[in-house]
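Trainee: Handing you a structure now.
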Amino acid sequence: MIFAGVVYRQRIKIGQEKKISDAEKRRSDELLLNILPEEVAEELKATGSAKAKAFTMVTVMLTDFKDFTTISEKISAELLVAEIHHCFSAFDRIIQKYKIEKIKTIGDAYLCASGLPVSNYSHATEIVRAALEMRDFMHRRKMEKEALGEMPFEIRIGIHTGPVVAGIVGVKNMPMISGAILSTLLPAWNKTVKQVKSISARIRMS
C-alpha cells in the first residue's frame, strides 16, 4: 500500500510537471509567432536557425510622426506611450487585414513589408491600401486630439518596391528574438526615407 501510494504521488507530480512544460511550450510558440512569420518560426524551431532568403520584388512601408521629438517633450511619458500604443495597435489591425508582415518598430517609426516571407503579386497594392487606411486613421485621430485641446501626431509614410534579402539577426535563445530585418534595399529607398522626413499626411512612393 505504501509503495502504491508513492507511485501514485509520483505519477501526479509527473503529470503536473508535464502540464507546466506544455503550457510553457505553448507560450513560447505564441511569443515566437507574435515576433516572426509562421514559416520562419517553424524553420527556426526545427533547425535552430533560419536562412536569409532573397526576394526579387517586395514592397516596404516606413511610417513615422512629424515633429515627434518636439511633441514628446511637451507631454508626459505615460501619455506618449499610450498614444503610440493606440496608433500602432491600429496599424497592426490594418496590416493584418492585408496580410502584411510587421518587421519592427523603433520609437515612432513603424516598418512593415508585403511580399515576404511568401511571395505574391499584389504586394504593392496591399501596402498602398494599408497606407491609405493608416493616413485616414491618423486624420481622424488628429481631429479627436484637437477637439480635446491636445497636440496630435501627423503621420509621414514612405513606400518602396524592389528586391530585398530578409533574415534574422541576433538570435540567442528562443524565444528571445531580436526581430526580422530587411537589407540590400535599392538605393532609391534611402532617398524615399529622406523625402518622407519633409512631408506629413502624404504618401511618398518609389
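Position one of the sequence shown corresponds to residue 16 (this note's numbering), numbered consecutively onward.
The beta-carbon is built from N, C-alpha and C at its ideal position, and this holds for glycine as well.
1. With H, G and I counted as helix, E and B as strand and the rest as coil, what does DSSP make of I27?
2. For S198, which residues from the same chain have a beta carbon less than 6 Å from its beta carbon, with the 5 sequence-adjacent residues on both sides left out?
3. Looking only at DSSP bridge pairs, what is E116 linked to?
4. Just the Cα atoms here: how many angstroms apart are T85 and S137?
5. Answer yes if the region 126 to 134 comes into contact with the region 158 to 171, meaning at least three C-beta pairs across the two stretches below 8 Å, and no otherwise.
6. So, for A105: in the same chain, excluding its five sequence neighbours on each side, which residues have a beta-carbon less than 6 Å away from its beta-carbon?
7. Throw me the rounded Cβ distance for the E141 and K81 pair, which I believe falls under 8 Å.
8. DSSP puts M220 in a beta bridge; with which residues?
9. Please classify E98 as buried or exposed, where buried requires at least 16 neighbouring CB atoms within 10 angstroms.
10. S87: buried (16+ other C-beta within 10 angstroms of its C-beta) or exposed?
11. With L147 as the anchor, note down where its alpha helix (DSSP H) starts and where it stops.
12. Taking I218 as the reference, which of E165, G177 and A145 has the closest Cα?
13. For Y113, which residues in the same chain have their Cβ closer than 8 Å to its Cβ, ignoring the five residues on either side in sequence?
14. Can you tell me whether A69 is helix, strand or coil according to DSSP?
15. To the nearest whole angstrom, what separates the beta carbons of E148 and I109, a pair I think is in contact under 8 Å?
16. Work out the CA separation of S134 and A92 for me, nearest whole Å.
17. What is the DSSP secondary structure of I109, reduced to helix, strand or coil?
18. Give me the Cβ distance between T74 and I174, rounded to the nearest whole Å; I'm assuming they're in contact under 8 Å.
Mentor: Let me spell this out:
1. helix
2. Model confidence at S198 stands at a pLDDT of 47, short of 50, so the residue's coordinates are unreliable; what they give is reported in the following sentence. Hits under 6 Å: V180.
3. A128
4. 37 Å
5. no
6. F152
7. Not quite, the Cβ-Cβ distance comes to about 25 Å (not below 8 Å), so this is no contact.
8. I174
9. buried
10. buried
11. H138 to A162
12. A145
13. S129, E141, I142, R144 and A145
14. strand
15. 5 Å
16. 40 Å
17. helix
18. 6 Å
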